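Notes follow the structure.
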Amino acid sequence: MEKYAVFVPRLVTKRENFAPGHRACIGCGEALAVRLACKALGQNVIVVTATGCIEIISSQLPYTSWRVPWIHTLFENTAAVASGIEAGLKVLMRKGRMPTQDINIVAMAGDGGTSDIGLQALSGALERGHNFLYICYDNEAYMNTGIQRSSSTPFGASTTTSPAGKMSIGQVTWKKNMPAIVAAHNIPYVATASPSYPFDLMSKVAKGAATQGPAYIHILSVCPTGWRCPTDLTVRIGRLAVETGIFPLYEIENGEYKLSFNFPQLRPVTDYMKLQGRFRHLSEETIEEIQHRVNKEYAKLMEKVT
Amino acid sequence: MCQGVLDKSNNNDRGGGIIGRRVGIEVSLAIAEVVGLADADVVAAYPITPQTHIVEHLAELVANGELDAQYIPVESEHSAMSACLGASAAGARTFTATAGQGLELMHEVLYVASSMRLPVVMTVVNRALSSPLSVWGDHSDAMSVRDTGWIQIFVENGQEAVDNVLCAFRIAEDPRVLLPVMVHLDGFHLSHMIEPMLLPERDEVEKFLPKNDYPLPLRPDKPVAMGDFAPPIIYTETKKAQEINIRASKEVILQCWNEFGNSFHRYYHPVECYQCEDADVLLLTMGSFSETAMMAIDKMRQEGRGVGLLKLRLWRPFPFKEIRQAVKNAEVLIVLDRALSFGGPGGPVCSEIRSALHNEEKKPKVISFVGGLGGREITVAGFEYIVNRGIEISQTGSEQEFELFGVRE
Amino acid sequence: MTKPENEITWKDLNIGSIVTEPGNASQYQTGDWRSQRPILDNSKCIKCGICYIFCPEGCVEQNPDGYFEANLFYCKGCGICARECWTRAITMIEEVE
Chain S
78 MEKYAVFVPR LVTKRENFAP GHRACIGCGE ALAVRLACKA LGQNVIVVTA TGCIEIISSQ
138 LPYTSWRVPW IHTLFENTAA VASGIEAGLK VLMRKGRMPT QDINIVAMAG DGGTSDIGLQ
198 ALSGALERGH NFLYICYDNE AYMNTGIQRS SSTPFGASTT TSPAGKMSIG QVTWKKNMPA
258 IVAAHNIPYV ATASPSYPFD LMSKVAKGAA TQGPAYIHIL SVCPTGWRCP TDLTVRIGRL
318 AVETGIFPLY EIENGEYKLS FNFPQLRPVT DYMKLQGRFR HLSEETIEEI QHRVNKEYAK
378 LMEKVT
Chain Y
8 MCQGVLDKSN NNDRGGGIIG RRVGIEVSLA IAEVVGLADA DVVAAYPITP QTHIVEHLAE
68 LVANGELDAQ YIPVESEHSA MSACLGASAA GARTFTATAG QGLELMHEVL YVASSMRLPV
128 VMTVVNRALS SPLSVWGDHS DAMSVRDTGW IQIFVENGQE AVDNVLCAFR IAEDPRVLLP
188 VMVHLDGFHL SHMIEPMLLP ERDEVEKFLP KNDYPLPLRP DKPVAMGDFA PPIIYTETKK
248 AQEINIRASK EVILQCWNEF GNSFHRYYHP VECYQCEDAD VLLLTMGSFS ETAMMAIDKM
308 RQEGRGVGLL KLRLWRPFPF KEIRQAVKNA EVLIVLDRAL SFGGPGGPVC SEIRSALHNE
368 EKKPKVISFV GGLGGREITV AGFEYIVNRG IEISQTGSEQ EFELFGVRE
Chain U
174 MTKPENEITW KDLNIGSIVT EPGNASQYQT GDWRSQRPIL DNSKCIKCGI CYIFCPEGCV
234 EQNPDGYFEA NLFYCKGCGI CARECWTRAI TMIEEVE
């Protein structure tokens, strides 16, 4: 985040392009993240969403929570639809059929719609270099359909399709590193963000939108319903994810890694995990294993940071 | 044989002056040429045999500056149609082409295109479906998308393909329609044929085809929300609206074909009759089989048989009125399908025709044949056999729902 | 005002069921979801606006005196504002009928 950023709460635009009256769960971290992103994006934007929490809570016929142009089609094709819109606007402006103007195209999808079913479309759009921003709202499971595991579900988390039981510790694979996969496409801007650090998130979204070419932002969205935590801890848990090194905030600008927040010492992962019911069943050994792996991943990230 | 130009042996009122320039090229390339003449804005392209020549030639036109369009080389057909949705929603004139498996891959997106009323134009080069893998032509892919809500037109030769792709843009983007349109042509038998065709000149196309003016595009100054979800209390109403719209589009299609005829001297109809006056036996075909069937009909007429050919051109919205009118004086109607509905009625087109005629007081006996699957040829002799066998079945009856023509037992 | 969904006929719908009134979901009351509500102690409020920033509903508004208050038509009572308030000026009390 810029040292001299003046994003003080009262200076943030009062306009809510993601209108209240949406049907998100009480304390929804994703709704907060979308709201903040919309503040950073302004009015000259076209939003494309995937099927998922954000689409369902904001678009029950005949209502819409969106005060900007918005389109939803299917689950796995957000990046492809965004590609089509980008191409359509580009050619219409070039042919003089509409006035030339800066319109940001922002694709928004969940972790399922990004790292699982939507991975192909995302990879294709990134490779083709379309000028758009892709925001992944990661609540670490298929929350909208009732908390099923995705490839973004963290190791040891209990979900309905990877439940904890006598024979299982829950999710048995490590969370897929989407920012790394996206960075491998050599796009100009990749970032991770959290609504618990709202000004950092807003400045990253603004930066991503302003980038020429594809940009990707991965936002950790705390989900009290799915993570089984009290509704008022959304922001606190999001902060702990960053402070424990589980979800570090960084940017990759043209291949260069920049850490957004560094901590002299990371908090132990138990601080984060003990607040959430989805990790309640884990034994001390497993948590030790997780701590070890988090340390390793964080060290790998630190090596890349300039 | 170039249908329509100076050919007076049919009763379709074609012929009478030549508009455009005469070319002798592969039909796929001609289709790409006409998409270029129509000044398409966005082409989303993914290769699949046998449509690839269309998207290849479009890439050439764009690369040489002959077509100013954004060419999106997508990574799958699902993304191809999705990109078309986006481009169309942004107000761009959008085109793509696919075949067989590609059409299946974009299946769910097709429903979205029609229910969201996005005027995408697509050429489907009909190809058989796996498994076993077959790149050759039949109508199974077309039949699998019957209910997707698209306007669907079948063509039988290169000239028809060129003309109907041009009409497709005009029909799709008409403010009274705003529905996606598929133009079906047979894989290899039509797509890869080098035929003499008349390509319209650019100024003639500009006169015929108005600019795309989608009424509610995605624009920051007038925000719209496209693709809300509908709970049970309202979903039925959205489907009724869609159904009313596609039925009403028939009127616009007929008008468009009529005006096309006035401009280019070739008239198209939902059902076309060939040598049907006083025919007690009618054969019905769709697609390029119609050409060979016409030769068989000619031969049988010379032998004094009272046979005629019906060519079904407008598949969706289904031309109930025209079908009922066309068959009302026939005793036997033999329908040749190029697709097979397993465990069901066999021939999908035949089952629709039977259903359309069910309540008519006077109707012919309808006999079902399925043939030409996976690119299998049917010769003139084959059609003669089908007609004769069809007449036989109408007299003796059959235990089977349909007969599979040409299979080695 | 948008017609409620159980009264909309097929003729009322736009093409493709496109919604042309941006943000009309703000007609929908989410305030009756809550089981607790935020109470602000003005003497402790420093008007920083952090509650406004962290509200997932976006329903915290600044009144003419500059204090930030939750709009109870939308407030779902999540308690994030109370939790994050730097001066503990907000407390959550149980919603009473």
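Protein sequences appear in the order of chains S, Y and U.
Using this note's numbering, the first residue of the first sequence is number 78, and each one after it goes up by one.
Using this note's numbering, the first residue of the second sequence is number 8, and each one after it goes up by one.
Using this note's numbering, the first residue of the third sequence is number 174, and each one after it goes up by one.
In this text, a Cβ means the ideal position worked out from N, Cα and C, and glycines have one as well.
Predicted model, so just to flag it, every value in this text is computed and none were measured.
Test item: CB-CB of residue 230 of chain U and residue 203 of chain U under 8 Å
Mapped onto the third sequence, residue 230 of chain U falls at position 57. Mapped onto the third sequence, residue 203 of chain U falls at position 30. With contacts defined by Cβ atoms closer than 8 Å, residue 230 of chain U and residue 203 of chain U form a contacting pair.
Please report the distance separating the alpha-carbon of residue 94 of chain Y from that of residue 368 of chain S.
Reading the second sequence from its first residue, position 87 is the one you call residue 94 of chain Y. Reading the first sequence from its first residue, position 291 is the one you call residue 368 of chain S. Answer to the nearest angstrom: the Cα atoms are 47 Å apart.
With 8 Å as the threshold, decide whether the Cβ of residue 177 of chain Y is near any Cβ in chain S.
For this step, residue 177 of chain Y is matched to residue 170 along the second sequence. Interface flag for residue 177 of chain Y against chain S is unset, since no Cβ pair is found closer than 8 Å.
Taking the beta carbon of residue 79 of chain S as the centre, do at least 16 other beta carbons fall within 10 Å, making it buried, or is it exposed?
Position 2 of the first sequence, counted from the start, is the residue given in the question as residue 79 of chain S. With a pLDDT of 44 at residue 79 of chain S, under the threshold of 50, the predicted position of this residue should be treated as unreliable, though the coordinate-derived value follows. By the neighbour-count definition (other C-beta atoms within 10 Å, threshold 16), residue 79 of chain S is an exposed residue.
Going by other Cβ atoms of all chains shown within 10 Å of its Cβ, with 16 needed for buried, is residue 277 of chain S buried or exposed?
Counted from its first residue, the first sequence places residue 277 of chain S at position 200. By the neighbour-count rule (16 or more Cβ atoms within 10 Å), residue 277 of chain S is buried.
Could you give the first and the last residue of the continuous beta strand (DSSP E) run that contains residue 335 of chain S?
Against the first sequence, residue 335 of chain S aligns to sequence position 258. 333-336 is the extent of the beta strand (DSSP E) around residue 335 of chain S.
Please tell me whether residue 42 of chain Y and residue 110 of chain Y are closer than 8 Å, where the distance is taken between their beta carbons.
Within the second sequence, numbered from 1, the residue matching residue 42 of chain Y stands at position 35. Within the second sequence, numbered from 1, the residue matching residue 110 of chain Y stands at position 103. The Cβ-Cβ distance between residue 42 of chain Y and residue 110 of chain Y does not fall below 8 Å.
Closest residue to residue 227 of chain Y among S/178, S/279, S/266 and S/222 (Cα-Cα distance)
To locate residue 227 of chain Y, count along the second sequence from 1; it is residue 220. Residue S/178 holds the alpha-carbon nearest to the alpha-carbon of residue 227 of chain Y among S/178, S/279, S/266 and S/222.
Between which two residues does the alpha helix (DSSP H) containing residue 311 of chain S stretch?
For the purposes of this step, residue 311 of chain S is taken as the residue at position 234 of the first sequence. Start and end: 311-320.
I believe residue 155 of chain Y touches residue 117 of chain Y by the beta-carbon criterion, under 8 Å. Please report the beta-carbon distance rounded to the nearest angstrom.
Here residue 155 of chain Y corresponds to residue number 148 of the second sequence, with the count starting at 1. Here residue 117 of chain Y corresponds to residue number 110 of the second sequence, with the count starting at 1. Going by Cβ atoms, the distance from residue 155 of chain Y to residue 117 of chain Y rounds to 4 Å, so yes, they are a contact pair.
Quick one: grab the DSSP three-state call for residue 185 of chain U.
Locating residue 185 of chain U in the third sequence gives position 12, counting from the first residue. Secondary structure at residue 185 of chain U: helix, using DSSP grouped into helix, strand and coil.
Run through DSSP, which three-state label would residue 375 of chain Y get?
Here residue 375 of chain Y is taken as the residue at index 368 of the second sequence, counted from 1. Three-state DSSP puts residue 375 of chain Y in a strand.
Could you tell me which chain S residues have their CB closer than 7 Å to the CB of residue 225 of chain Y, listed as they occur along the chain?
In the second sequence, the residue the question calls residue 225 of chain Y occupies position 218. Think of a sphere of 7 Å around the beta carbon of residue 225 of chain Y: the chain S residues whose beta carbon falls inside it are 123, 146, 148 and 162, in chain order.
So if DSSP puts residue 372 of chain S in a beta bridge, which residue, or which two residues, is it bridged to?
On the first sequence, residue 372 of chain S is found 295 positions in, with the first residue counted as 1. BP columns for residue 372 of chain S are empty, so no partner.
Verify whether the separation of the beta carbon atoms of residue 66 of chain S and residue 203 of chain S is less than 8 Å.
The shown model of chain S, from 78 to 383, leaves out residue 66 of chain S, and the question about it has no answer.
Residue 328 of chain Y to residue 319 of chain Y span [Cα, whole Å]:
Numbered from its first residue, the second sequence carries residue 328 of chain Y at position 321. Numbered from its first residue, the second sequence carries residue 319 of chain Y at position 312. Between residue 328 of chain Y and residue 319 of chain Y, the alpha-carbon positions lie close to 13 Å from each other.
Is the shortest distance between the beta-carbon of residue 201 of chain S and the beta-carbons of chain Y less than 8 Å?
Against the first sequence, residue 201 of chain S aligns to sequence position 124. Yes, residue 201 of chain S lies at the interface with chain Y (some Cβ there is under 8 Å from its Cβ).
Could you give the DSSP three-state label for residue 207 of chain U: helix, strand or coil?
Counting from one through the third sequence, the residue named residue 207 of chain U turns up at place 34. Residue state, collapsed to three classes: coil.
Compare the C-alpha of residue 272 of chain S against each of S/297, S/180, S/210 and S/324 and name the closest.
Here the question's residue 272 of chain S lines up with position 195 in the first sequence. When only C-alpha atoms are compared, the closest one is S/297.
Within its chain, find whatever has a CB closer than 6 Å to the CB of residue 150 of chain S; leave out the 5 residues flanking it on each side and keep chain order.
Translated into the one-based positions of the first sequence, residue 150 of chain S becomes position 73. Hits under 6 Å: 158.
With DSSP collapsed to three states, give me the class of residue 55 of chain Y.
For this step, residue 55 of chain Y is matched to residue 48 along the second sequence. It is coil, neither helix nor strand.
Which residues in chain S sit within 9 Å of residue 233 of chain Y, going by Cβ to Cβ distance?
Translated into positions along the second sequence, residue 233 of chain Y becomes position 226. Those within 9 Å of residue 233 of chain Y in chain S are 146, 147, 148, 149 and 150.
Does the Cβ-Cβ distance between residue 165 of chain Y and residue 34 of chain Y come in under 8 Å?
Along the second sequence, read from residue 1 onward, the residue named residue 165 of chain Y stands at position 158. Along the second sequence, read from residue 1 onward, the residue named residue 34 of chain Y stands at position 27. With a cutoff of 8 Å on beta-carbon distance, residue 165 of chain Y and residue 34 of chain Y are scored as near each other.
C-alpha distance - residue 260 of chain U paired with residue 95 of chain S, whole-angstrom precision:
As a first step, residue 260 of chain U is located in the third sequence; it is residue number 87 there, counting from the start. As a first step, residue 95 of chain S is located in the first sequence; it is residue number 18 there, counting from the start. Cα to Cα, the separation comes out at about 28 Å.
By the DSSP assignment, the beta strand (DSSP E) with residue 279 of chain Y in it spans what residues?
Taking the second sequence and counting its residues from 1, the one referred to as residue 279 of chain Y is at position 272. For residue 279 of chain Y, the enclosing beta strand (DSSP E) stretches over residues 278-281.
Roughly how far, in whole angstroms, is the beta-carbon of residue 283 of chain S from the beta-carbon of residue 266 of chain S, given that I think they are within contact range, below 8 Å?
Residue mapping note: residue 283 of chain S aligns to position 206 of the first sequence, counting from 1. Residue mapping note: residue 266 of chain S aligns to position 189 of the first sequence, counting from 1. Not quite, the Cβ-Cβ distance comes to about 11 Å (not below 8 Å), so this is no contact.
Coil, strand or helix - residue 174 of chain S by DSSP
What you label residue 174 of chain S is simply residue 97 of the first sequence in a count that begins at 1. Coil at residue 174 of chain S, not helix or strand.
Is there at least one Cβ from chain U nearer than 8 Å to residue 407 of chain S's Cβ?
There is no way to answer for residue 407 of chain S, as the model of chain S reaches only from 78 to 383.
Using a Cβ-Cβ cut-off of 8 Å, state whether residue 264 of chain U counts as contacting chain Y.
As a first step, residue 264 of chain U must be located in the third sequence, where it is residue number 91. Taking CB atoms only, residue 264 of chain U has no neighbour in chain Y less than 8 Å away.
Determine the burial state of residue 231 of chain S: buried for a count of at least 16 other Cβ atoms within 10 Å of its Cβ, exposed for fewer.
Counting from 1 along the first sequence, the entry for residue 231 of chain S is found at position 154. Per the 10 Å Cβ criterion, buried.
Could one say the Cβ of residue 138 of chain S lies closer than 8 Å to chain Y's Cβ atoms, at least one of them?
Within the first sequence, numbered from 1, the residue matching residue 138 of chain S stands at position 61. With 8 Å as the cut-off, residue 138 of chain S counts as an interface residue toward chain Y.
Exposed or buried, what is residue 173 of chain S when buried is set at 16 or more other beta-carbons lying within 10 Å of its beta-carbon?
Translated into positions along the first sequence, residue 173 of chain S becomes position 96. With fewer than 16 other Cβ atoms within 10 Å, it is exposed.
Which of the three DSSP states, helix, strand or coil, is assigned to residue 119 of chain Y?
Within the second sequence, the letter at position 112 stands for residue 119 of chain Y. Helix, per DSSP.
Taking Cβ positions, are residue 109 of chain S and residue 311 of chain S nearer each other than 8 Å?
The residue given as residue 109 of chain S occupies position 32 in the first sequence. The residue given as residue 311 of chain S occupies position 234 in the first sequence. For the pair residue 109 of chain S and residue 311 of chain S, the CB atoms are nearer than the 8 Å cut-off.
Would you call the region 115-125 of chain S and the region 202-220 of chain Y in contact, with 3 or more CB pairs under 8 Å?
The region 115-125 of chain S makes no contact with the region 202-220 of chain Y: fewer than 3 CB pairs, one atom from each, lie closer than 8 Å.
Given that residue 237 of chain Y touches chain A, what residues does it touch there, using C-beta distances under 9 Å?
The structure shown contains no chain A; its protein chains are S, Y and U.
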